[in-house]
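Here is the structure we will look at, set down as structure tokens.
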Ligand code: TYD
Ligand code: MG
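Numbering (our numbering), first residue to last: 7 to 461.
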């Protein structure tokens with residue numbers, strides 16, 4: 007007989023409690039508990055079903071036959087890379103991102119371009135007509151892409167069994183509902199249960215399943231956070247909506263590196279891969295302007311050159327403003343304090359604006375040196391040659407610190423035709439500078455940078 011009970015779930019991390027609590031003991035968030043009714047004993051939870059299925063006895067690891075790892079080609083090299091070299095059959099992948107960032111577009115586009123693969127695209131968000139209109143914009147390259155507008159998991163399973171697709175896309179997990187539990191769609195119980203069912207489907211049939219999940223700016227909708235533990239791979243789709251660039255980032259990957267990243271650009275006809283980000287991210291300038299410095303940074307595992315732009319002007323009001331786009335404000339404040347204290351630049355009465363071109367968000371510490379160079383250049387109104395790149399971290403005493411994978415950064419700058427790159431002297435020690443065409447300038451302090459650049 008079905009029994010129902012009331013439990014409380016943290017909307018942030020999915021922690022379960024018998025009564026309402028103000029602060030979640032698991033994730034420390036305040037005011038995240040919501041009441042949900044769960045019905046147990048009806049037909050057993052998916053969790054129980056999963057346990058029943060595992061009837062094979064334990065085997066010593068060396069006796070397990072190592073099957074050759076298979077990967078499915080996803081047509082888009084950027085997506086393949088993020089997945090760790092293609093899609094693993096039977097895996098469950100969660101694509102998270104803010105509303106409107108392009109998750110549905112990306113998945114439909116992938117579904118429409120996979121040749122000779124039968125794809126079941128389940129949507130609980132859009133009507134068939136809406137999907138057709140979007141498909142027309144993107145272009146239909148795969149005639150075996152089946153659209154199903156359905157939110158009930160058991161109906162989806164039936165259609166799955168009849169169609170026997172090679173790939174399933176579900177848009178989105180928040181709209182799904184299973185009759186196993188009595189809670190409204192989008193609640194944590196439903197999300198968990200539906201994801202468990204789809205995971206079982208993927209594992210039993212060996213067909214990969216993509217789940218789309220929404221997250222809001224403040225991360226208040228639970229879904230994806232709870233789901234992260236249940237799925238094999240978590241991919242984040244992010245970017246500034248006002249710019250065309252979108253970054254696909256592996257956050258968790260059981261089958262590959264979690265620091266991989268793919269770059270796309272949103273167009274009128276869907277998303278386009280950006281295979282050489284540096285060429286797009288370096289804005290085209292005819293004449294050298296002050297306040298611009300190029301950083302040889304690494305995002306994920308990829309080196310790329312991006313522009314940092316600074317504007318330093320006399321503060322119009324009493325308190326100077328510091329404002330950043332795509333960079334950490336506290337980090338900028340720290341770098342400005344270093345310039346003030348260690349190199350004697352008077353910036354405390356100046357407004358400082360910093361912008362990373364292309365709407366990208368960077369957190370690579372190696373961007374520090376370019377930021378400092380851009381600020382100095384704008385402050386003195388002296389342009390920096392656009393064939394100079396920077397790659398080093400700046401410490402609190404104004405010292406220039408070594409960064410990881412400096413060879414990759416230098417090679418990338420070299421390949422793109424830069425002729426000088428400033429790095430830390432600690433990085434330069436172990437380098438074979440003859441291997442590059444680019445001139446390597448090793449420095450040890452911010453004063454030295456100022457002298458070498460403008461002195
Ligand atoms: P969408 O995939 O619906 O976002 P999500 O599923 O993450 O909520 O796409 C969002 C935006 O993409 C929408 O504002 C319109 C834009 N877009 C284009 O610019 N070009 C296109 O070809 C398509 C299909 C969408
Ligand atoms: Mg969508």
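All C-beta atoms in this analysis are idealised placements derived from N, C-alpha and C, irrespective of residue type, glycine included.
- DSSP places residue 327 outside any alpha helix (DSSP H), giving it a letter other than H or E.
- With a cut-off of 8 angstroms, the C-beta of residue 133 is classified as distant from the ligand MG, since no heavy atom of the ligand falls inside that distance.
- In the DSSP annotation of this structure, residue 158 is not part of any beta strand (DSSP E), being labelled neither H nor E.
- For residue 101, the Cβ stays outside the 8 angstroms cut-off from all heavy atoms of the ligand MG.
- Residue burial is scored here from C-beta neighbours: residue 102 has at least 16 other C-beta atoms within 10 angstroms and is therefore classed as buried.
- Considering only 82, 366, 173, 38, the residue with the shortest C-alpha distance to residue 306 is 366.
- When rounded, the separation of the alpha-carbon atoms in residue 354 and residue 347 is 10 angstroms.
- Judged by beta-carbon spacing, residue 280 lies within the 9 angstroms limit of residue 251, meaning their Cβ atoms are closer than that value.
- When C-alpha distances from residue 10 are compared across 19, 32, 455, 41, the shortest belongs to 41.
- Cβ-Cβ separation between residue 194 and residue 232: approximately 6 angstroms, consistent with a contact (criterion under 8 angstroms).
- Per the DSSP secondary-structure output, residue 302 pairs in a beta bridge with 311.
- Each residue's CA atom was taken as its position, placing residue 319 and residue 140 some 46 angstroms apart.
- Beta-bridge partners of residue 151 (DSSP): 125.
- With a threshold of 8 angstroms, the Cβ atom of residue 218 counts as near the ligand MG, since some heavy atom of the ligand is closer than that.
- In terms of side-chain proximity, the C-beta atom of residue 275 is found no nearer than 8 angstroms to any non-hydrogen atom of the ligand MG.
- When only Cα atoms are considered, residue 322 and residue 253 end up about 37 angstroms apart.
- Each residue's CA atom was taken as its position, placing residue 457 and residue 368 some 27 angstroms apart.
- Collapsing the DSSP output to three states places residue 13 in a strand.
- Annotation note: the region 250-277 contains the following uninterrupted beta strand (DSSP E) runs of length 3 or greater, listed N- to C-terminal: 251-259, 267-273.
- Of 154, 124, 123, the smallest CA-CA separation from residue 138 is found for 154.
- Here the region 335-347 does not lie against the region 417-425, with fewer than 3 beta-carbon pairs under 8 angstroms apart.
- For the pair of segments examined, the region 326-334 was found not to touch the region 411-418: the number of CB pairs separated by less than 8 angstroms stays below three.
- By the CB criterion at 9 angstroms, residue 269 and residue 288 fall outside the cutoff.
- Not a single heavy atom of the ligand MG lies less than 8 angstroms from the C-beta of residue 281.
- For residue 24, the number of other beta carbons within 10 angstroms of its own is below 16, and it is reported as exposed.
- Residue side-chain check: residue 177 places its Cβ nearer than 8 angstroms to a non-hydrogen atom of the ligand MG.
- Leaving aside the five residues that flank residue 449 on each side, the residues in its chain whose CB is nearer than 8 angstroms to its CB run, in chain order, 398, 406, 428, 429, 430, 431, 455, 458.
- In the three-state scheme derived from DSSP, where H, G and I count as helix and E and B as strand, residue 182 is classed as coil.
- Inter-segment contact for the region 112-120 and the region 180-191 is absent: fewer than three beta-carbon pairs are separated by less than 8 angstroms.
- For residue 110, the distance from the CB to the nearest heavy atom of the ligand MG is below 8 angstroms.
- Residue state for residue 242 is assigned as strand, using DSSP reduced to three classes.
- With contact defined as three or more Cβ pairs closer than 8 angstroms, the region 78-88 and the region 260-277 are in contact.
- Not one heavy atom of the ligand MG is found less than 8 angstroms from the C-beta of residue 214.
- In the structure shown, residue 393 falls within a coil segment according to DSSP collapsed to helix, strand and coil.
- In this structure residue 358 is in contact with residue 316, their Cβ atoms being roughly 7 angstroms apart against a cut-off of 8 angstroms.
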